[in-house]
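**Student:** Numbering of the sequence shown is given in my numbering, commencing with residue 2 and proceeding in unit increments.
One structure coming up, written as structure tokens, with questions to follow.
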Amino acid sequence: MARRTGNYDGQFRTIALTVIGGADLKETEHRENGVRFFPESGEGYYSVRSSNERKRIASLVRPGEDVLVLFSGIGAFPLVIAANSQAREIVGIEKNPDANCMRRKA
Numbered sequence: 002m003a004r005r006t007g008n009y010d011g012q013f014r015t016i017a018l019t020v021i022g023g024a025d026l027k028e029t030e031h032r033e034n035g036v037r038f039f040p041e042s043g044e045g046y047y048s049v050r051s052s053n054e055r056k057r058i059a060s061l062v063r064p065g066e067d068v069l070v071l072f073s074g075i076g077a078f079p080l081v082i083a084a085n086s087q088a089r090e091i092v093g094i095e096k097n098p099d100a101n102c103m104r105r106k107a
């Protein structure tokens, strides 16, 4: 279990966390819109509050369309779009080399 000890900050939009219980691990699981995420908490930008917006954007993607997601953080928008649209290709770009740590699990 971890607690936020700051706000999103810096060029990589990371957040300070302090482990307050259990093992000193920051990986967690989050399920949203048909996708299971396994983020390293605090390593890249991610807001659970944007869940409905990610689903709404995915619904706007037309079959065969190419999608580019700039400032993709940990990859939540690209993964939700992939799971909920018939896009031909989806590319997420993020400056933070540690951010794209999420992966989609079936």
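Every residue gets a Cβ at the ideal spot worked out from N, C-alpha and C, and that includes glycine.
Per DSSP, what kind of secondary structure is residue 14 in: helix, strand or coil?
**Tutor:** The answer is coil: DSSP assigns residue 14 none of H, G, I, E or B.
**Student:** Can you say whether residue 107 is buried or exposed, counting buried as having 16 or more other CB atoms within 10 angstroms of its CB?
**Tutor:** Its pLDDT being 39, under 50, residue 107 is placed unreliably in this model, and the coordinates cannot settle the point.
**Student:** Exposed or buried, residue 64, counting other C-beta atoms within 10 Å across all chains shown (16 or more means buried)?
**Tutor:** Exposed is the call here.
**Student:** From 12, 14, 21, pick the residue whose C-alpha is nearest to that of residue 4; which is it?
**Tutor:** Residue 4 has its Cα closest to that of 21, out of 12, 14, 21.
**Student:** As an exercise, report each continuous alpha helix (DSSP H) stretch of at least 4 residues that is fully enclosed by the segment 27-100, in chain order.
**Tutor:** If we require 4 residues or more, the alpha helix (DSSP H) runs fully inside the segment 27-100 come out as 52-61, 77-85.
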